[in-house]
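*Asks:* Pasting a structure here, questions to come.
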Amino acid sequence: MVDQQSADYFRKRELAERAAAKSAASDAARRVHQELAQNYAELVRQT
26 MVDQQSADYF RKRELAERAA AKSAASDAAR RVHQELAQNY AELVRQT
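Residue numbering for the sequence shown follows the numbering used here, starting at 26 and increasing by one per position.
Below, the structure is given as structure tokens:
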């Protein structure tokens, strides 16, 4: 189980990665940011 501080961090990172995906200069960068966001979202769900 992940502590609340970690869950808050993962949520913040998820949002940051989603924002980065929206402003990414290339499709490849957009996909990477989206994948990272999904990974952080999964970590949040595990809390």
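Glycine included, C-beta positions come from ideal geometry on N, C-alpha and C.
Relative to the alpha-carbon of Tyr-65, which residue among Arg-38, Arg-55, Gln-30 and Asp-28 has its alpha-carbon at the smallest distance?
*Replies:* By 1-based counting over the sequence shown, the position of residue 65 is 40. Nearest C-alpha to Tyr-65: Arg-38.
*Asks:* Given a threshold of 16 other Cβ atoms within 10 Å of its Cβ, counted over all protein chains shown, does Ala-54 qualify as buried or as exposed?
*Replies:* Taking the first residue of the sequence shown as position 1, residue 54 is located at position 29. Looking at its Cβ environment, which holds fewer than 16 other Cβ atoms inside 10 Å, Ala-54 is exposed.
*Asks:* Between His-58 and Ala-46, how many whole angstroms is the CB-CB distance? I'm expecting something under 8 Å.
*Replies:* Along the sequence shown, one-based indexing puts residue 58 at 33. Along the sequence shown, one-based indexing puts residue 46 at 21. Correct: roughly 4 Å between the Cβ atoms.
*Asks:* Run the CB neighbour count on Glu-60, radius 10 Å, all protein chains shown included, and call it buried at 16 or more, exposed below.
*Replies:* Translated into the one-based positions of the sequence shown, residue 60 becomes position 35. Burial call: exposed.
*Asks:* To the nearest angstrom, report how far apart Ala-62 and Arg-43 are at their CA atoms.
*Replies:* The residue labelled residue 62 in the question sits at position 37 within the sequence shown. The residue labelled residue 43 in the question sits at position 18 within the sequence shown. Whole-angstrom Cα-Cα distance: 6 Å.
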